[in-house]
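Student:
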Amino acid sequence: MTQHGYEKGRLDLPFVGIATFGKNPYVQDWDAIDADVAVLGAPFDFGTQWRSGARFGPRGVREASTLFSFGHGGAYDHEDDVTYLPADGVKIVDLGDADIVHTDTGKSHANIEHGVRKILAAGAVPIVLGGDHSVNIPCINAFDDQEPIHIVQIDAHLDFVDERHGVRHGHGNPMRRAAEQDHVTGLTQLGIRNVSSTAKDGYDAAREMGSDIMSVRQFRAAGVEEVLRRIPEGARYYVTLDIDGFDPSIAPGTGTPSHGGFLYYEILELLDGLTKRGDIVGMDLVEVAPDYDRTGTTAILAAQILMNTIGRIMHNRSTA
49 MTQHGYEKGR LDLPFVGIAT FGKNPYVQDW DAIDADVAVL GAPFDFGTQW RSGARFGPRG
109 VREASTLFSF GHGGAYDHED DVTYLPADGV KIVDLGDADI VHTDTGKSHA NIEHGVRKIL
169 AAGAVPIVLG GDHSVNIPCI NAFDDQEPIH IVQIDAHLDF VDERHGVRHG HGNPMRRAAE
229 QDHVTGLTQL GIRNVSSTAK DGYDAAREMG SDIMSVRQFR AAGVEEVLRR IPEGARYYVT
289 LDIDGFDPSI APGTGTPSHG GFLYYEILEL LDGLTKRGDI VGMDLVEVAP DYDRTGTTAI
349 LAAQILMNTI GRIMHNRSTA
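Heads up, the sequence shown is in the working numbering, so the first residue is 49 and it goes up one at a time.
Here it is as structure tokens:
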């Protein structure tokens, strides 16, 4: 039975020690990854079109994640009557950050891709902390020698721009680049709303290339169970979660906030459903910009949704 962390002789409160993700072990040698889940920072924000600052997202989310590291031997959820992330059953490590070369998008993206490939080679689930949404491009590229994946995007913006003035790898392009990949079987794009960064021709192209697009209002009208039925069953899912998919009333700390977004339980129930309908094999969470997050609420939300998703991935794999 998992022991309480207090029994190791330290209280080890959240504000004590090094702020790795969830205060899990740091692994510097990427050829020695032995874990179920590996967290990689991608502090790159040169792809932004308005407010930068997401380069500090990985640090902000890691610090916030210490709130959920009280050492209880797991996280008991009384609604589900399940202890998620038992210390003796799930191993999470933090690999630190991919190296970012300022002004060099190609090299920075290549370094992120290298990190994700190392995680996959070790048989672990990659959890990538952005960074702007362009970091999804190298993440998806890293799956090219894996079994096919279906992408589930949670976002305010479609991010399906093909090219503007030669830019093909900014934070408005990732879903277009993903749809072009042979190992991507389709996209489900949820939360898309209001004035988007993608013009009508981008929406037309997305649907022609197999995307299922829903706004927040359409999502709520359908309900979580109906939305899940629209997503291919039994697939390998890659989840890309832009924090601006949430409403700025609970997630103000982002470069491009958009009102009318999701609330916490809507997304938790969706992600929980995905872990039962198929298998989440990778995830990135992007666009947290701590400079605009005055109370830390956004980073805490990001850490909380990641912790809960990881817990449900591992629990539902073990009970499948």
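We put the CB at the ideal spot given by N, CA and C, even for glycine.
Which residues share a DSSP beta bridge with MET331?
Tutor: Taking the first residue of the sequence shown as position 1, residue 331 is located at position 283. ILE175 and VAL287.
Student: Can you tell me which residues form a DSSP beta bridge with HIS198?
Tutor: For the purposes of this step, residue 198 is identified with residue 150 of the sequence shown, where counting begins at 1. DSSP output for HIS198 lists GLY234 and TYR285 as bridge partner(s).
Student: With GLY250 as the anchor, note down where its alpha helix (DSSP H) starts and where it stops.
Tutor: For the purposes of this step, residue 250 is taken as residue 202 along the sequence shown, with counting starting at 1. From DSSP, the alpha helix (DSSP H) with GLY250 extends over 248-256.
Student: The alpha helix (DSSP H) that contains LEU316, what's its start and end?
Tutor: In the sequence shown, the residue the question calls residue 316 occupies position 268. 312-325 is the span of the alpha helix (DSSP H), which, as asked, contains LEU316.
Student: What are the partner residues of SER244, as DSSP defines its beta bridges?
Tutor: Mapped onto the sequence shown, residue 244 falls at position 196. DSSP, once it has assigned bridges, lists no residue as partnering SER244.
Student: In angstroms with no decimal places, state the Cα-to-Cα distance between GLY29 and LYS56.
Tutor: Because residue 29 is not part of the residues shown, which for the chain are 49 to 368, the question remains open.
Student: Distance, Cα to Cα, GLU195 vs ASP341?
Tutor: Sequence index remark: in the sequence shown, residue 195 carries index 147 (1-based). Sequence index remark: in the sequence shown, residue 341 carries index 293 (1-based). Their backbone Cα atoms lie some 38 Å apart in a straight line.
Student: Could you check if HIS181 is buried or exposed, using at least 16 other CB atoms within 10 Å of its CB as the buried criterion?
Tutor: As a working note, residue 181 is residue 133 in the sequence shown. Per the 10 Å Cβ criterion, buried.
Student: When the Cα atoms are used, what is the spatial distance from GLU127 to ASN242?
Tutor: On the sequence shown, position 79 is the one that residue 127 refers to. On the sequence shown, position 194 is the one that residue 242 refers to. Their Cα atoms are separated by approximately 34 Å.
Student: Keeping to the same chain, check which residues put their C-beta closer than 6 Å to that of ALA226; ignore five residues upstream and five downstream.
Tutor: As a working note, residue 226 is residue 178 in the sequence shown. Excluding positions up to five away in sequence, the list reads ILE188, ILE199 and VAL232.
Student: Put ASP142 into one of helix, strand or coil per three-state DSSP.
Tutor: For the purposes of this step, residue 142 is identified with residue 94 of the sequence shown, where counting begins at 1. Three-state result, ASP142: strand.
Student: Got a sec? Which residues, its chain only, sit under 7 Å from GLU224 by beta carbon, not counting five neighbours each side?
Tutor: Counted from its first residue, the sequence shown places residue 224 at position 176. Strictly speaking, residue 224 in this sequence is Arg, with Glu absent from that position. These residues qualify, in order along the chain: PHE208, VAL209 and ASP210.
Student: Whose C-beta lies closer than 7 Å to the C-beta of GLY65 among residues of the same chain, with five residues either side of it excluded?
Tutor: If you number the sequence shown from 1, residue 65 lands on position 17. Contacts found: LYS71.
Student: With a floor of 3 residues, list each beta strand (DSSP E) that falls wholly inside the stretch 104-172, ordered by position along the chain.
Tutor: Entirely contained in the stretch 104-172, the beta strand (DSSP E) runs reaching 3 residues are, in chain order, 123-125, 130-132 and 140-145.
Student: Does the beta-carbon distance from ILE373 to VAL85 come in below 7 Å?
Tutor: The chain is shown only over 49 to 368; residue 373 falls outside these bounds and no answer can be derived.
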